[in-house]
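Asker:
There are 4 protein chains.
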Amino acid sequence: MPRTPLQFQAVREERRALILQAALRVFAHHGFASATVRQVAQEAGIAQGLLYSYFASKEAVLRAIMEESMRDVLESFTEAHAGTSSEAQLELLLRHSFVLIDQHRDFWRLSYSVRMQPEVLAQLGEAITGWITAITSTLEEHLSALDYADPAIGARMLFAQIDGVAQHYTLDPEGYPLARVLDAMVAQYARRRH
Amino acid sequence: MPRTPLQFQAVREERRALILQAALRVFAHHGFASATVRQVAQEAGIAQGLLYSYFASKEAVLRAIMEESMRDVLESFTEAHAGTSSEAQLELLLRHSFVLIDQHRDFWRLSYSVRMQPEVLAQLGEAITGWITAITSTLEEHLSALDYADPAIGARMLFAQIDGVAQHYTLDPEGYPLARVLDAMVAQYARRRH
Amino acid sequence: MPRTPLQFQAVREERRALILQAALRVFAHHGFASATVRQVAQEAGIAQGLLYSYFASKEAVLRAIMEESMRDVLESFTEAHAGTSSEAQLELLLRHSFVLIDQHRDFWRLSYSVRMQPEVLAQLGEAITGWITAITSTLEEHLSALDYADPAIGARMLFAQIDGVAQHYTLDPEGYPLARVLDAMVAQYARRRH
Amino acid sequence: MPRTPLQFQAVREERRALILQAALRVFAHHGFASATVRQVAQEAGIAQGLLYSYFASKEAVLRAIMEESMRDVLESFTEAHAGTSSEAQLELLLRHSFVLIDQHRDFWRLSYSVRMQPEVLAQLGEAITGWITAITSTLEEHLSALDYADPAIGARMLFAQIDGVAQHYTLDPEGYPLARVLDAMVAQYARRRH
DNA sequence: GATGAATGAGGTTTCATTCAT
DNA sequence: AATGAATGAAACCTCATTCAT
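Protein chains in written order, with the working numbering: chain R, 0 to 193; chain L, 0 to 193; chain H, 0 to 193; chain U, 0 to 193.
#1: Could you name the residues of chain H that Ser33 of chain U contacts, counting a contact when the two beta carbons are closer than 8 Å?
#2: Can you find at least 3 beta carbon pairs, one from the segment 45-62 of chain L and one from the segment 89-103 of chain L, that sit closer than 8 Å?
#3: Check the C-beta distance from Gly163 of chain R over to Ala159 of chain L and give it rounded, since I have them as a contact under 8 Å.
#4: Does the CB of Pro150 of chain R have a neighbour CB from chain L at under 8 Å?
#5: Could you check if Val25 of chain U is buried or exposed, using at least 16 other CB atoms within 10 Å of its CB as the buried criterion?
#6: Could you give the first and the last residue of the continuous alpha helix (DSSP H) run that contains Leu93 of chain L?
#7: Please identify, using Cβ separations under 9 Å, the residues of the segment 57-86 of chain L that lie next to chain R, in order along the chain.
#8: Apply the 10 Å Cβ neighbour rule to Ala22 of chain U and answer buried if 16 or more other Cβ atoms are within range, or exposed otherwise.
#9: Nearest to Phe97 of chain R by alpha carbon, out of R:Leu50, R:Ile45, R:Ala178 and R:Leu138?
#10: May I ask you to report which of helix, strand or coil DSSP gives Phe76 of chain H?
#11: So, are the CB atoms of Glu139 of chain L and Ser84 of chain L less than 8 Å apart?
#12: Using the beta-carbon count (16 or more within 10 Å), is Gln116 of chain R buried or exposed?
#13: Within the same chain, show all residues whose beta-carbon is closer than 8 Å to that of Ile64 of chain L, passing over the 5 residues directly before and after it, in chain order.
#14: Buried or exposed: Val119 of chain H, going by 16 or more other Cβ atoms within 10 Å of its Cβ?
#15: Roughly how many angstroms lie between the CA atoms of Leu145 of chain H and Tyr53 of chain U, to the nearest whole one?
#16: Leaving aside the five residues before and after Tyr175 of chain H along the sequence, list all residues of the same chain whose C-beta is less than 7 Å from its C-beta, in chain order.
#17: Start and end of the alpha helix (DSSP H) containing Ser115 of chain H?
#18: Assign Val10 of chain R to one of two classes, buried (16 or more other C-beta atoms within 10 Å of its C-beta) or exposed (fewer than that).
#19: Compare the C-alpha of Leu49 of chain U against each of L:Pro1, L:Leu49 and L:Gln6 and name the closest.
#20: Rounded to the nearest angstrom, what separates Gln88 of chain R and Leu142 of chain R at their Cα positions?
#21: Leaving aside the five residues before and after Arg155 of chain H along the sequence, list all residues of the same chain whose C-beta is less than 8 Å from its C-beta, in chain order.
#22: Roughly how many angstroms separate the alpha carbons of Pro150 of chain L and Leu157 of chain L, rounded to a whole number?
#23: Going by other Cβ atoms of all chains shown within 10 Å of its Cβ, with 16 needed for buried, is Thr3 of chain R buried or exposed?
#24: Which two residues bound the contiguous alpha helix (DSSP H) that contains Ile201 of chain R?
#25: What does a CB cutoff of less than 7 Å around Tyr147 of chain U pick up in its chain, not counting 5 residues either side in sequence?
#26: Just to make sure I have the definition right: I need the residues of chain L whose C-beta is within less than 7 Å of the C-beta of Val194 of chain R. Which are they?
#27: When the distance is taken between beta carbons, is Leu99 of chain U closer than 8 Å to Val72 of chain U?
#28: Which chain H residues sit within Cβ distance under 7 Å of Arg179 of chain U?
#29: Does any residue of chain U bring its CB to less than 8 Å from the CB of His103 of chain H?
#30: Quick check on Ala165 of chain L: buried or exposed, where buried means 16 or more other Cβ atoms within 10 Å of its Cβ?
#31: Can you give me the C-alpha to C-alpha distance between Tyr111 of chain U and Tyr51 of chain H, rounded to a whole angstrom?
#32: Under 8 Å by Cβ, that's how I've got Leu123 of chain L and Arg62 of chain L pegged, so tell me the actual separation to the nearest angstrom.
#33: What three-state label does DSSP hand Glu13 of chain U in the structure shown?
#34: For Tyr111 of chain H, return the contacting residues in chain U, with the cut-off set at a CB-CB distance below 7 Å.
#35: Output yes if chain U places a C-beta closer than 8 Å to the C-beta of Leu138 of chain H; else output no.
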């Protein structure tokens, strides 16, 4: 019996997600420019040609990955910490950030290796800028609620530190003393007495 | 009458430096994998083939850039701040770091886009790891001299923050409030009362 | 509806054979090193890139040609003359050899121009040596059965002569008195009275 | 004190010979097409550019090598055996042939790898054909004097055998039983009773 | 939809030859 | 004359994308 249109759509969406996951793995480990469509298709277990029935181009795959990953991370980052801000909340947010980073390690790898390239950014630039702004704003709100003298600058610093730690950790997941660094960050930002 | 070996050597060194500078610009802005040897040669104002009389491959050019830039930065970073450590010294070191970052902006761009890719790292990995360790050690010594409770972790945090700020600044040199962030960092690390 | 794996395989085998034939022609007439992949692709009527979906490199094409041609020739050479050895058999073998040479003229050309180059031999050396040994052995068995005084040396001489004649004939197929030379060889080796 | 024109010429001729020897070695071992002008210059101990003041092109070097080597070999081959022909003479000629082959091993290598390629032959074809004819004629005269039934065909066979043995020997100088094969050839051609 | 063969533009690299000194 | 840097055409090879089935 033939599948219903609904089933079709479900299959398509599932496969689309499969391709994106495969592409994320491949792009993250080889770099977007060096990775080949063949590798992605192979990792996804489909034929090369089929990929083009889901995405217009290799670059379109990258765009989809970045947009969806950024959306996921941002949602997870903001939703989880809506409501009132307290030092306990900020600590939760910090600790949760690194859970996110761990869960989306490939995304971070890819993101770091991609975001410096204007060519790629041309298509993604706005999305990334907006994403950074949104994260910074969230941090700023928290710091603001905690009576920081200059929450805007504080948010920049905090984000820079999160980003830096995430990057150093991504470079060497085994060797990096993440837990202790995280504790120190919590101590500095979320348990300070002003 | 032919040129003397000395003359030849002088020409070669000049050209070599020229190529490296051109390659750094091109790699930094297009990404190593996307950049073409043609672009590098054009930027350097030479024929494509000549590049291969100076470097064995495109990758060898990258290696030379990274090694020499890392050496430059590290020398500049450590030598300038040898001797006794004081809070004033640490402030100098922080401020000087960002002068370095500004002077080697292309190197940072390239470095950020390259260091996540194992393929590239295979050849460079050790050099980069050593470089990071050296920088972290320098910071640690300073913090240690300033009686930090946990200088090792503090150095990680400080370096992460420098790296993060540098990266965000590199992404948007015009819009980033570098001066104020830097002041805040100085206030936090170099003027604190314990 | 897609082709079945079997259909794909059939197409691939056909194409592979087509490429090998084209490459043999081109390599034989221009020499392996001077021949270009473009020429081979053109001769085969395919795009350059496709060749690399069948063979890993230009050199791999050469290896495939040599291995398959040597196998063909050897099979044809030995199988046809299994069983008892008589002078009539040796005559058949000699005459058949030159039929083989005629049928595989391009292979002989290529073989002669290639087998002196250590670079190429590095990959093929063993195969060629084994091939020569196998041919010499076959000849030796025949001579041995015919009560030659020193069949090993006789085989060397006979093979050298076959090889030499084949080569001179290949150099000038029109002008060479092949039939008469062949008759003389038959007279000398296969109809002698001891 | 400046050199006299005569000294100049002597130097030039010496150097020319030096280049040819170097080129012969390089061409013989890498094949003409694969060998590079740089390799030749290096082997000769001169700068690349200087080679072009002695020869118009890489191909001109090959032509000079081939012409001079063929001339050398032919002279040595014919002059040494002028005069009356006897079986002892033919034996001498055969034995001397292989001394020549040993002395000019690189030339034979090169010659075998080059003579199948029409591109190269276009310039050399006539010279080679003439050379082969001259050798064959010499052999023919000897056989004729020894009352061979068909000296023309006999000469072809003998030359083919010499050529074949030379080639197999060149392929594996260590392992080839040259002395015994040579003895057998002498026995067959130069000591036979009709 | 699904396959993987096929295309062809363009990438890296080599190298005979020329040129400036 | 002599050097070796410099050129640029062309080689081999890769790969995003299209196509026939």
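Every residue gets a Cβ at the ideal spot worked out from N, C-alpha and C, and that includes glycine.
Answerer: On the basis of the data shown:
#1: Ala32, Gln116 and Glu118
#2: no
#3: 3 Å
#4: no
#5: buried
#6: Glu86 to Gln102
#7: none
#8: buried
#9: R:Ala178
#10: helix
#11: no
#12: buried
#13: Leu19, Ala22, Leu23, Phe26, Phe106 and Leu109
#14: buried
#15: 58 Å
#16: His167 and Tyr168
#17: A small fix is needed here, since residue 115 of chain H is Met in this sequence, not Ser. That residue, Met115 of chain H, is in no alpha helix (DSSP H); it is neither H nor E in DSSP.
#18: exposed
#19: L:Pro1
#20: 11 Å
#21: Thr135
#22: 10 Å
#23: exposed
#24: Coverage of chain R is limited to positions 0 through 193, which leaves residue 201 of chain R absent and any answer about it impossible.
#25: Gly153
#26: Any question about residue 194 of chain R goes unanswered here, given that chain R covers just 0 to 193.
#27: yes
#28: Ile152
#29: no
#30: buried
#31: 30 Å
#32: 6 Å
#33: helix
#34: Tyr111 and Met115
#35: no
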